[in-house]
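Worksheet for the structure shown next.
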Amino acid sequence: MKRQVCMLLLILGICAQNSDGKYRLCVTESMATSDSCKTLEAAESKFICVKVIDSVDCALKLERNEADFGIFTAEEVILTSKFDIKQQRICIAEIRELDRETEDFHFTTVAVVKESFPGTLEALRGKKFCHPGFSKSQLWTDRVLKHFERVVLNRSSTVGCDKSLRTAAEDELSALSTFFTSACRPGEWVVDNRLDKKLKQQYSKLCELCDSKNGCSHNAERDGNQYSALDCLTKKGGDVVYEAYSYVQKYFGLVGGSARSNPENYRYLCPNGSIEHISMTVKPCTWIQQPWKSIIVKDNETAPGLMSTLEVWLPTNLRLKRSSKWVDTLRIMITGNGNKLVIRANKESLRSFILRGREIPEPGTTLPCHEPVKWCTTSDIENNKCEWLRQAAIIQGIVPELQCVQGTSQLDCFKKIKNKDADIVGTSSNLGPIATHFSNLTTVMYQETIQDGHFKIVAVVNLNLTASNMSELENKKACFPEFAGLAWVAFVEAIRNSSDSESKVCPYDESMGTFFASVCAPGSKNQLHSSVDTDLCALCKEASSGSSYIPFFDEETCAATIRNKFYDNVGALRCLASGVADVAFINSYNLSVNLQDTMLPKDFAQKYRIMCRNGTKVPLTAIPDDDCALAVVTGGEVVARRNQSRTESRDLSLTLLELDEWFGYTSGYFANIFNLYKPFNNTEDLLFRRETLGFLKRSEAMESESTEAYEKLKRNAEKCVHPKKGSGANGTEAETTVLLLMMILSLGVILRTNSVFFQV
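Numbering (this note's numbering), first residue to last: 65 to 824.
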């Protein structure tokens, strides 16, 4: 009776839990448009939209009490459970397909063997393996698709990792090829097409049972991969197949239709090695039982009221129609088309809900003998995003696994990678030349960005400056965002491409002090930037002395940190605005924002101009075109140690490509679990730049003008550090030889003077 009264009150809008009487539902772009959210938020509605990026964003909003409930897939529930330390999140309902509403799981997987199979997993050694295959449209994760084979190989101690010669992905293929005599394991093994083809040639026995041995594929157009995998068992000599239970039932005529093969000749193989008769087993042993998509509530206090509200407005009796448009909108948002809301009899914690059919994987268990890829982060919140990514990758089944290593800054991460305390870090192109030169790091992948995300280096000068080209800036006073960064090497390249001798700017990490009358280059005294103590900050001190700015310490005017007023692009503009400098070289990205800096004079934009390469001047408020800029390059990259083995480098590349495949912009069915490039916890530019669209391999750099230009810029900068013999920077080879002989002769005189005989 009490429950009926509460339901009546809910209809009247009195019994809602929240103070505004409305429950806040997490919605993504794919779930709801702005118009549908307006419809949902009608005056009499009990629900409102809370826009979220992905399931992680929803989980964080549930934690912060900014949302009340959300719709989560099984993988999303597993991921959220990893961070629900106090087990506060509650599962209250499932969303099931209408024609399968009595089934407890979305899908289950089974293994089927021939009737003569003796049992035990070890008895599979030397047998023939059939698999439904891998595809981008597959609704099973790699962890689900590889679950059977990983269990079998681990229990038989067949996984023989060779980190020096094989990538993690190849180790799994090698183990399968060793354990099974032949197989059909179709589809994409690795995301690198060229390597995938090579691996299929190398491990061709894993394609021998396929309809197309060369293509390593089933005849999916004829019958679909699931039925083709069963044909592999019954018609092509296979001994075991890993398969969806629903397809096994249909194939052997156990539900609807005629049998394609006699079920009496086959058995279920259980994870413990026992066997069960197909035709006599109602509920067979399974390898994985996948929970349905579910409704997750922020806490136990919110759950009862929400459950009652949903029962009123989305009744289990679908014949009960309601005319309110917002109710129809709510139903579409929550259940979609052709699905039904099933309220659970008992509320469950996320862990309890998942563990009914799935394991919750822990780090270090996917491929234990392979070291994780250590990702360096620069702040607490970036490390937090990395940890969510790490767990998402483990749930997806990506190998090698990730490990997050927190540093204090990008430069500190460069040092950690150089010292082997970390493996990779995503970095802005502003710092790429520093990573290359001072830490001996190399590009693993480029962060491919939209055109607006490209970096343009420009020169900003006083309106009255008479210089008409870059060479005429010699003996002027120059401000740089950072010593040896992108703006630095872009100017060096501009001078090297002019009619002047490159000797004026090479070697580039020392020459600015002679080319310009004075320089402000934060970081030039920092050992993370330079191997020598080079003081190129005299202009910083001069600019500081004429202003109200007082550094924390004397050396702060040369520090490459935000504590230094003259650090970064806005800092270079402040240096120029002090009136003691003639030019500032900056990245024009975010220039409009930097011009609003409160430390800049209000009339700064009127007094200064961008000086293009050809000497023309354009307003600071204008967007410089590519021909005006000194350099136009991609905005980011992922860097690692240069001296890694080919296998280690390939592991890093494959890991990044896998992450992009599953969590990037083209990840399809799993797009909602985690977004690699979008904001995390309301913060942008974590791990990658916000404009990143995906990765571009070094071998593909020529396909993009911005990445090709960046690669060339860094390459030429290194040549400028170590000029070839005969270049203007080091003089001729003959001059070098003469100098060497003079030194030897001088040394001989000294030695003879001390009665020591020296022969040349």
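Virtual Cβ for every residue (Gly too), placed ideally from N, Cα, C.
Assign residue i to buried or exposed, taking buried as 16 or more other Cβ atoms, counted over all protein chains shown, within 10 Å of its Cβ.
i      : result
Val802 : Unreliable placement is indicated for Val802, whose pLDDT of 32 sits below 50; no coordinate value is reported for it.
Asp84  : exposed
His501 : buried
Lys520 : buried
Met344 : exposed
Ile45  : Residue numbering for the chain in the displayed model covers 65 to 824; residue 45 lies beyond these limits and cannot be assessed.
Glu799 : Annotation note: pLDDT 36 at Glu799 (below 50); position unreliable, coordinate value reported separately. It is exposed - the Cβ of Glu799 has fewer than 16 other Cβ atoms within 10 Å.
Ala157 : buried
Arg705 : buried
Ile737 : buried
Met397 : buried
Ser763 : exposed
Ile626 : exposed
Ala499 : buried
Ala607 : buried
Gly700 : buried
Met509 : buried
Thr730 : exposed
Gly134 : buried
Thr137 : buried
To the nearest whole angstrom, what separates the beta carbons of residue i and residue j, a pair I think is in contact under 8 Å?
i      : j      : result
Ile159 : Ser416 : At roughly 18 Å, the Cβ-Cβ gap does not stay under 8 Å, so Ile159 and Ser416 are not in contact.
Lys191 : Asp260 : About 25 Å separates the two Cβ atoms, so there is no contact after all.
Lys210 : Gly369 : At roughly 42 Å, the Cβ-Cβ gap does not stay under 8 Å, so Lys210 and Gly369 are not in contact.
Ile445 : Asn654 : Their Cβ separation, rounded to whole angstroms, is 20 Å, which puts Ile445 and Asn654 out of contact at 8 Å.
Leu718 : Asp256 : 6 Å
Arg189 : Phe243 : 6 Å
Ser292 : His282 : 3 Å
Ala542 : Phe649 : 7 Å
Leu664 : Ala641 : 5 Å
Cys584 : Cys639 : 5 Å
Gln511 : Phe759 : 7 Å
Ser100 : Lys86  : No, Ser100 and Lys86 are not in contact; Cβ-Cβ is about 16 Å, not under 8 Å.
Lys178 : Asn326 : Wrong, their Cβ atoms sit about 11 Å apart, outside the cutoff.
Gly183 : Ile339 : 5 Å
Let me check understanding here. Comparing Cα to Cα, which of the options lies closest to residue i?
i      : options                           : result
Val647 : Asp667, Met675, Gln660 and Val634 : Met675
Glu139 : Ala456, Gln470, Ile498 and Leu777 : Ala456
Ile112 : Val120, Thr103, Asp118 and Glu725 : Thr103
Ile514 : Glu769, Gly317, Cys584 and Thr298 : Glu769
Gln467 : Ala232, Ala486, Leu475 and Gln474 : Ala486
Lys54  : Glu127, Val703 and Tyr306         : What the structure shows of the chain is the stretch from 65 to 824, and residue 54 is not part of that stretch, so it cannot be assessed.
Thr698 : Val469, Pro497 and Thr747         : Pro497
Ser246 : Arg214, Glu252 and Cys194         : Cys194
Gly587 : Ala187, Pro545 and Lys761         : Pro545
Leu453 : Trp204, Ile135 and Asn739         : Asn739
Glu412 : Ile424, Gly288 and Arg153         : Arg153
Thr507 : Pro436, Arg214, Leu720 and Trp390 : Leu720
Val569 : Ala781, Val319, Gly197 and Cys155 : Ala781
Phe212 : Ala409, Glu328, Ser276 and Gln353 : Gln353
Ala106 : Ser221, Trp390 and Gly301         : Trp390
Ile459 : Cys433, Trp204 and Leu529         : Trp204
Can you check whether the C-beta of residue i is within less than 7 Å of a C-beta belonging to chain D?
i      : result
Leu600 : Included in the structure is just one protein chain, with no chain D present.
Bridge partners of residue i, per DSSP?
i      : result
Cys468 : Trp439
Cys248 : Cys194
Cys604 : Answer by DSSP bridge pairing: none, since Cys604 is not bridged.
Val522 : Ile650
Val703 : Val489 and Thr507
Lys761 : Met509
Lys115 : Val91
Ala695 : Ile521
Ile339 : Leu333
Tell me whether residue i, by its Cβ, gets closer than 6 Å to a heavy atom of the ligand MG.
i      : result
Leu550 : The ligand MG is not part of the structure shown, which contains no ligands of any sort.
Report task. Would you be able to state if there are at least three C-beta pairs under 8 Å between the stretch 542-554 and the stretch 513-528? Result -> yes
Report task. Check whether the stretch 121-132 touches the stretch 89-96, counting contact only when three or more Cβ pairs, one atom from each stretch, lie closer than 8 Å. Result -> yes
Query raised in the report: Below 8 Å, can you find three or more Cβ-Cβ pairs linking the stretch 755-775 to the stretch 532-546?
Result: no
Query raised in the report: Can you find at least 3 beta carbon pairs, one from the stretch 167-179 and one from the stretch 478-492, that sit closer than 8 Å?
Result: no
Query raised in the report: Does the stretch 577-584 come close enough to the stretch 678-685 that 3 or more CB-CB pairs lie under 8 Å?
Result: no
Query raised in the report: Can you find at least 3 beta carbon pairs, one from the stretch 401-420 and one from the stretch 699-716, that sit closer than 8 Å?
Result: no
Query raised in the report: Is it true that the stretch 326-335 meets the stretch 361-380, where meeting means three or more beta-carbon pairs spaced less than 8 Å apart?
Result: no
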